[in-house]
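Below: the structure, in structure tokens.
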DNA sequence: GCCGTTTTCGGCCCGACTGTTTTCAGTCG
């Protein structure tokens, strides 16, 4: 039995699609689509194919049917697939590394590899680069001077891009987008401008920043855009779209249309791709053809929409919130008028994960502000309650008695604050480590000093799956442990989350009336949106917390709310959308 | 090769841009 990661499998399936494209694109048109769809689907799946095979649930992945399923089983059994070998038999393996280079597709890669008889996948990119520099590509049929130079540029960029993580965290993408919007609005003909794409859908990481502008003079807007002073390079510049690269390799894509087509452009450019494809297939069955321009009716006339809501309504659908446009059933729900009423920032009544500067001699980090300062900020945010949850005192530096004394002192402090702050309720928490043994870092009588505990993993992240699951469940089994903080431990662009059996953990959380944290810190956003979706379906509750270590961090709540929205959460799924009285009831449950 | 509230057969999203073709192929989102 061999094993492959989802990323490896997706790559293999894309290579098969590439192989079919080279063999005969028109003949295998739909096989190519099917393999690409299966590859996308497997790559973005929250479950590993390896596990799905073990559970005999491979069909659960959309786009994987009987045939591809059979091939994948063969792959895991033998390490290779006869059918795949047959397809790739006469195709040089040197093709495939080139597909990672921007502007290279199967056809172009095949032409070049064939023309020069290249065979070595390890060397092929360097070889093509050298051939371009030696002016040997321009003379090939369907190539020329310009495309030869473009190959050099593309490989240069590929080499830079390879050494760094290319996706941005949300706040950075938002800043880049906002800066561009204010620049664009300086052009007189711009009536409105919006950031769209994954930024509007509030994905945790953003590839390119997509922007739509409504103007009666697209050409002027495109020229203005391409003149952006902070650009590194113009990738393309047409009549209504243009793309530029900023320093740091950040790409911005622009599309400009008349204001009377705003509705369809907003819809189109917000995506996701999967949502749009599904929506267009749905419309096609009704005899409509959708595009950014509008809706083409059966008689060929184009109906234009200036409001996005009208665009959806015309198709018989309710307007769909951008955060859930991922083809996860939202189109079906919009059709049957059963879309969820998603949680909103204004529904949030408190924040449980706040680190003040209160000195309790922890081995982890402190906050920068006093409890009183953070209370004042919570009041300013309109919260009904706030929970303090500093890290537990270091158990390496203190014995149990000393820890107990430190916490008693802290309780006195919190009691004082309750008396002097009648306009907000204060919840007494701590963030308590789940040790490698599965025990909590505090004794029972220490934990009894608290209203409840947030528990989390802060050590030995590499613990293997089954052991990690046991460790987590053991930590969560204490009656005071109500919230499981930053559950996967991931740090975006820095560290993958640890491996655990999430289904088992979610089941435990649900059955024992506990909550999963959605951590709003922009490089955490943990629990991830896809796991939030899964956990909510299983009936879990969540708390959206900021994990603030300073006053300004308390404004990050919106990022966590976005994750909850992307997981289809409504008010009733979120513990800190409860009133204080309901909250107390939940804490004691 | 996948898939189903018109279907287990007969469909399968849509358009922009570039470079090389003088009418389109390839790539991208």
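In the working numbering, the protein residues as written are 8 to 596.
C-beta: ideal position from N, C-alpha, C; glycine also.
From residue 433 to residue 587, what distance separates their C-alpha atoms? Residue 433 and residue 587: Cα-Cα distance of roughly 10 Å.
Of the listed residues 135, 327, 396, 513, nearest to residue 123 (C-alpha basis): Looking at the Cα atoms, 135 is the closest of the given residues.
Expressed to the nearest angstrom, what Euclidean distance is found between the alpha-carbon atoms of residue 218 and residue 54? The straight-line gap from Cα to Cα measures roughly 32 Å.
Between 485, 421, 414, which has its C-alpha nearest residue 446's C-alpha? Here the closest residue by C-alpha is 485.
Contained beta strand (DSSP E) runs [length at least 3] in the stretch 467-508, N- to C-terminal order: The qualifying runs are 488-491.
Let's test the definition: count the other Cβ atoms within 10 Å of the Cβ of residue 600 and tell me whether it reaches 16, buried, or not, exposed. For the chain, the structure presents residues 8 to 596; residue 600 sits outside this window and is missing.
Where does the unbroken alpha helix (DSSP H) through residue 273 begin, and where does it stop? DSSP places residue 273 in the uninterrupted alpha helix (DSSP H) bounded by 269-277.
Enclosing beta strand (DSSP E) for residue 303 [first to last residue]: Segment 301-303, the beta strand (DSSP E) holding residue 303.
Please report how far the alpha carbon of residue 438 lies from the alpha carbon of residue 360, in whole angstroms. The C-alpha of residue 438 lies about 8 Å from the C-alpha of residue 360.
Where residue 207 sits in the DSSP three-state scheme: Three-state DSSP puts residue 207 in a helix.
CB-CB under 7 Å to residue 304, same chain, minus the five flanking residues each way: which ones, in chain order? Hits under 7 Å: 295, 310.
Give me the Cα-Cα distance between residue 452 and residue 411, rounded to the nearest whole angstrom. Each residue's alpha carbon lies about 8 Å from the other.
Mind listing, in chain order, the continuous alpha helix (DSSP H) runs of no fewer than 4 residues lying wholly within the stretch 307-383? Listed in chain order, the complete alpha helix (DSSP H) runs (minimum 4 residues) inside the stretch 307-383 are 315-321, 337-342.
Would residue 561 be called buried (16 or more neighbouring beta carbons within 10 Å of its own) or exposed? By the 10 Å Cβ count, residue 561 comes out buried.
Run through the DSSP bridge pairs and tell me what residue 262 is partnered with. According to the DSSP secondary-structure assignment, residue 262 is paired through a beta bridge with 219, 248.
Out of 546, 536, 487, which has the shortest C-alpha to C-alpha gap to residue 511? With respect to the C-alpha of residue 511, the residue from 546, 536, 487 having the closest C-alpha is 546.
Three or more beta-carbon pairs under 8 Å between the stretch 312-330 and the stretch 263-279, yes or no? Taking a contact to require three or more Cβ pairs closer than 8 Å, the stretch 312-330 and the stretch 263-279 qualify as touching.
Between the stretch 573-587 and the stretch 335-350, are three or more C-beta pairs nearer than 8 Å? Contact holds between the stretch 573-587 and the stretch 335-350, because three or more Cβ pairs, one in each stretch, are under 8 Å apart.
Beta-carbon spacing of residue 84, residue 8 below 8 Å: Taking the C-beta atoms as reference points, residue 8 is found nearer than 8 Å to residue 84.
Nearest neighbour of residue 559, chosen from 13, 383, 238, 70 [CA to CA]: Ranking 13, 383, 238, 70 by Cα distance to residue 559 puts 383 first.
Nearest candidate by alpha-carbon position, reference residue 459, set 431, 474, 429, 492: Taking only the C-alpha atoms, the option nearest residue 459 is 492.
Leaving out the 5 sequence neighbours to the left and right, which residues in its chain are closer than 6 Å to residue 505 when beta-carbon positions are compared? So the qualifying residues of the chain are 468, 475, 496.
What's the gap between the Cα of residue 307 and the Cα of residue 13? Taking the straight line from one Cα to the other gives about 43 Å.
Measure the beta-carbon distance from residue 282 to residue 333 and round it to whole angstroms, keeping in mind my assumption that it falls under 8 Å. Contact holds; Cβ gap of about 6 Å.
Residues near residue 183 in its chain [Cβ-Cβ closer than 8 Å; skip 5 each side]: Exclusion of the five residues before and after residue 183 leaves 175, 216, 253, 257, 259 as the residues of its chain whose Cβ lies within less than 8 Å of its Cβ.
Below 8 Å, how does it come out for the stretch 199-209 and the stretch 144-155: are there three or more Cβ pairs, yes or no? No, the stretch 199-209 is not in contact with the stretch 144-155.
Assign residue 202 to one of three DSSP states: helix, strand, or coil. Here DSSP, grouped into helix, strand and coil, assigns residue 202 to strand.
Three Cβ pairs or more, each shorter than 8 Å: is that satisfied between the stretch 24-31 and the stretch 84-96? In the pairwise beta carbon analysis, the stretch 24-31 is classified as touching the stretch 84-96: at least three pairs are separated by under 8 Å.
Neighbourhood of residue 402 by C-beta distance below 7 Å, restricted to the same chain and skipping five residues each side: Same-chain partners within the cutoff: 410, 448.
Taking 8 Å as the cut-off, does the stretch 96-105 touch the stretch 114-122 (at least 3 CB pairs, one atom from each stretch)? Taking 8 Å as the limit for Cβ pairs, the verdict is that the stretch 96-105 does touch the stretch 114-122.
Could you check which residue in 115, 466, 430 has the C-alpha nearest to that of residue 370? Of the listed residues, the one whose Cα sits closest to residue 370 is 466.
At what residues does the alpha helix (DSSP H) containing residue 66 begin and finish? Careful: residue 66 lies outside any alpha helix (DSSP H) and carries neither H nor E.
Buried or exposed by the 16-neighbour rule on C-beta atoms within 10 Å, applied to residue 231: By the 10 Å Cβ count, residue 231 comes out buried.
Just to confirm, are residue 571 and residue 525 a CB contact at a threshold of 8 Å? In contact: residue 571 and residue 525 (Cβ atoms closer than 8 Å).
From 395, 210, 319, 233, pick the residue whose C-alpha is nearest to that of residue 422; which is it? The residue from 395, 210, 319, 233 with its alpha-carbon nearest to that of residue 422 is 395.
If you compare alpha carbons, which of 265, 427, 483 is closest to residue 444? When only C-alpha atoms are compared, the closest one is 483.
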